[in-house]
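Working notes for the structure below.
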Amino acid sequence: MLPSQEASKIYHDNYMRNSRAIGVLWAIFTICFAIVNVVVFIQPYWIGDSISTPQAGYFGLFHYCVGTGPSPSRELTCVGSFSDFSSIPSGAFKAASVFVLLSMVLTLSCIACMALFFFCNTSTVYKTCAWMQLLCGVCLVLGCMIFPDGWDAEVVRDMCGEQTAKYSLGDCSVRWAYMLAIMGILDALILSFLAFVLGNRTNASWSAGWCLIVEGNCVGANDSRSHTSAE
4 MLPSQEASKI
14 YHDNYMRNSR
24 AIGVLWAIFT
34 ICFAIVNVVV
44 FIQPYWIGDS
54 ISTPQAGYFG
64 LFHYCVGTGP
74 SPSRELTCVG
84 SFSDFSSIPS
94 GAFKAASVFV
104 LLSMVLTLSC
114 IACMALFFFC
124 NTSTVYKTCA
134 WMQLLCGVCL
144 VLGCMIFPDG
154 WDAEVVRDMC
164 GEQTAKYSLG
174 DCSVRWAYML
184 AIMGILDALI
194 LSFLAFVLGN
204 RTNASWSAGW
214 CLIVEGNCVG
224 ANDSRSHTSA
234 E
């Protein structure tokens, strides 16, 4: 093998090895993000009471628990189910629930699409997952933006005080699930960008990665195989 051929092949091997390593990390972080998305959807800790609230309790997208006494009281009554929309106290909460659910479904679908790496073009799979993750991020943005529009619901005002209004929590505070959802938006956008980059790197690997010298001409791997088979 000529020195130029050997250098080209080493470059190509390193290029593909790095791409695969980044792809594995992308897949791992996608699975972690899916777990976060599921937790954000089901946990009722988007907003909650504080020391100065009239009642104890906390709210999620569709499930909430409130008490009849002041915040130190631990006697809470829990209400709400996604399967029973009438139990959700606000139309904004219903809409936010739907968007976060769509985000969760898109993320889980992206994980399912990883099985297609064994059957389909790698670049196509990466780009399909990238669009799914981008839409997932958009759905999370909508869910996080719409959710505060329901803070003026009567049951929320009873817990958080009379000063509570749309996009104003009164005496209540934001809980960890809401903050996790906001961080999930950034995660989705980063993973989507990385998937687009990996898809484009895979496309470019044969054309820009390396070439072989055949009869004095530099050709790609596919062309060299065709040339060899023709001989």
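According to the numbering used here, the sequence shown is numbered sequentially starting from 4. Positions of the beta carbon are idealized from the N, C-alpha and C atoms, including for glycine. Everything numeric in this text was worked out from a predicted model, so none of it was measured.
query, result
"Just to confirm the assignment, what range does the alpha helix (DSSP H) spanning T258 have?", "Past the edges of the chain, shown from 4 to 234, lies residue 258, and the structure says nothing about it."
"Runs of 4 residues minimum, wholly inside the region 80-157: which ones carry the alpha helix (DSSP H) assignment?", "94-116, 125-149"
"Check whether the region 145-156 and the region 122-133 are in contact - that is, three or more C-beta pairs closer than 8 Å.", "no"
"Would you tell me roughly how many angstroms separate the C-alpha atoms of A133 and F199, rounded to the nearest one?", "6 Å"
"Which residues in the same chain have their Cβ closer than 7 Å to the Cβ of M107, if we skip the five residues on either side of it in sequence?", "N40, V41, F44"
"Thinking C-alpha only, which one of A59, G51, S84, S86 is nearest E78?", "A59"
"Can you give me the C-alpha to C-alpha distance between G187 and Y48, rounded to a whole angstrom?", "15 Å"
"Give the C-beta separation of T33 and G164 to the nearest angstrom, bearing in mind that I take them to be a contact with Cβ-Cβ under 8 Å.", "Rounded, the Cβ-Cβ distance is 41 Å, inconsistent with contact."
"Taking the beta carbon of R23 as the centre, do at least 16 other beta carbons fall within 10 Å, making it buried, or is it exposed?", "exposed"
"Determine which residues share a DSSP beta bridge with C68 and list them.", "Y61, C81"
"Do G63 and A180 have their CB atoms nearer than 9 Å?", "yes"
"Would D174 and S53 qualify as a contact pair, given that the criterion is a beta-carbon distance under 9 Å?", "yes"
"Ignore the nearest five residues each way along the sequence and tell me which others in L194's own chain have a CB closer than 7 Å to its CB.", "W29, F32, T33, F36, Q136"
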